[in-house]
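Numbering-wise (the working numbering), the sequence shown opens with residue 9 and increments by one.
Positions of the beta carbon are idealized from the N, C-alpha and C atoms, including for glycine.
All values reported here derive from a predicted model rather than from experimental measurement.
Everything below concerns the one structure shown next.
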Amino acid sequence: MNAQPTNTQPSHEISPQRPGRVSDAMAPDFLLTVEGLTVSFDGFKAVNDLSFYVDPNEIRVIIGPNGAGKTTVLDLICGRTRATAGSIQFKGRELTKMSENGIVLAGVGRKFQTPSIYEDLTVFENLEISFPRGRSVFGALTFRRDAEVRDRIEEVAHMIFLADRLQTRAEFLSHGQKQWLEIGMLLIQDPELLMLDEPVAGMSVAERKKTAELLNKIIVGRSVLVIEHDMKFVEDIAHRVTVLHQGKLLSEGSIAHVKSDPKVIEVYLGH
Ligand code: ADP
Ligand code: MG
């Protein structure tokens, strides 16, 4: 885990957005700074001049109607889609100029809507193949590395409620357990920004509660950016909420703030 520069105890109050563009000289303590982000698909702006700022140790939820551009924002941050304009700074590094793999190595993990686990491998093996290679300081000493990997796998398996399922083949897991396994496969790489697209879709109420518990546990030393529709779940996890509509920022702030915002009620919550 890399040390966080400052602000290890964020208040999660709504910090007033800084006027104009944040320059490096101001040494912003945001983990993620998105400014003026725009992507145009044949003239259609799926994301349009979007700015938002994520603190270290924050759970930020992005909500908004279908087609608002939520998934596209994650695609832009992880480098899958290239921005037409604007900037995405992660710990001071400009992601819009980096490769998808470079962005992963920089510490950004992303989970897609459909789980991409290996069904015919065990939980242990799924976690093992996700362990970053060549990062161990004991690289040459295989037995030390094996122990390190096993410890980390057990630690992550415990976090994702699968400690007693390590030898189970992934195909036999429930839908919710598969989703947790995929989160575990990202956690094992220890990303400082974890992005999840509708992680509780298809989960039971009990699984949703445990997922909220999981997210609240894993934000020590990292931030999580979640797209979600289930407002009950959003209330359980969000420190702040960003509402998108037609590619633009419609509203932002605490859950109470966005829930009572007439603009949000009109285009999203009222339906
Ligand atoms: P959300 O996740 O909020 O439902 P998306 O980000 O998936 O919305 O999509 C936003 C809009 O951008 C939609 O109208 C979608 O059809 C369009 N879009 C997304 N990706 C592409 C693409 N690669 N090419 C063209 N249009 C796209
Ligand atoms: Mg989407």
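- The alpha-carbon separation between His237 and Met106 amounts to approximately 30 Å.
- Non-local beta-carbon contacts of Arg118 in its own chain, meaning distances under 7 Å to residues more than five positions away in sequence, involve Leu82, Cys86, Met203 in chain order.
- Boundaries of the alpha helix (DSSP H) around Leu82: 78–85.
- Here Gly72 is near Tyr276, since their CB atoms are less than 8 Å apart.
- Rounded to whole angstroms, the Cβ separation of Ala91 and Thr41 is 14 Å, and the two are not in contact under 8 Å.
- Lys78 has its CB nearer than 7 Å to a heavy atom of the ligand ADP.
- Taking 8 Å as the cut-off, the beta carbon of Ile70 is found closer than this to the beta carbon of Thr250.
- Fewer than three pairs of CB atoms, one per stretch, sit closer than 8 Å, so the region 205–217 makes no contact with the region 129–138.
- Secondary structure note for Ile71: its beta strand (DSSP E) is the uninterrupted segment 67–71.
- Beta-bridge partners assigned by DSSP to Asp205: Ile235.
- In this structure, the ligand MG has a non-hydrogen atom nearer than 7 Å to the beta-carbon of Asp205.
- Put simply, the backbone Cα of Ile67 is about 33 Å away from that of Asp50.
- For Ile227, the secondary structure class from DSSP, reduced to helix, strand or coil, is coil.
- At least one heavy atom of the ligand ADP falls within 7 Å of the beta-carbon of Ala54.
- Placement of the Cβ of Ile85 at a distance of 7 Å or more from every heavy atom of the ligand MG is found.
- As DSSP reads the structure, Glu260 sits in a beta bridge with Thr250.
- Our two residues, Ile196 and Arg160, have alpha carbons roughly 7 Å apart in a direct line.
- Looking at the DSSP output, Glu43 shares a beta bridge with Ser95.
- Per DSSP, the unbroken alpha helix (DSSP H) holding Gly184 starts and ends at 183–195.
- Bridge pairing for Arg118: Met203 [DSSP].
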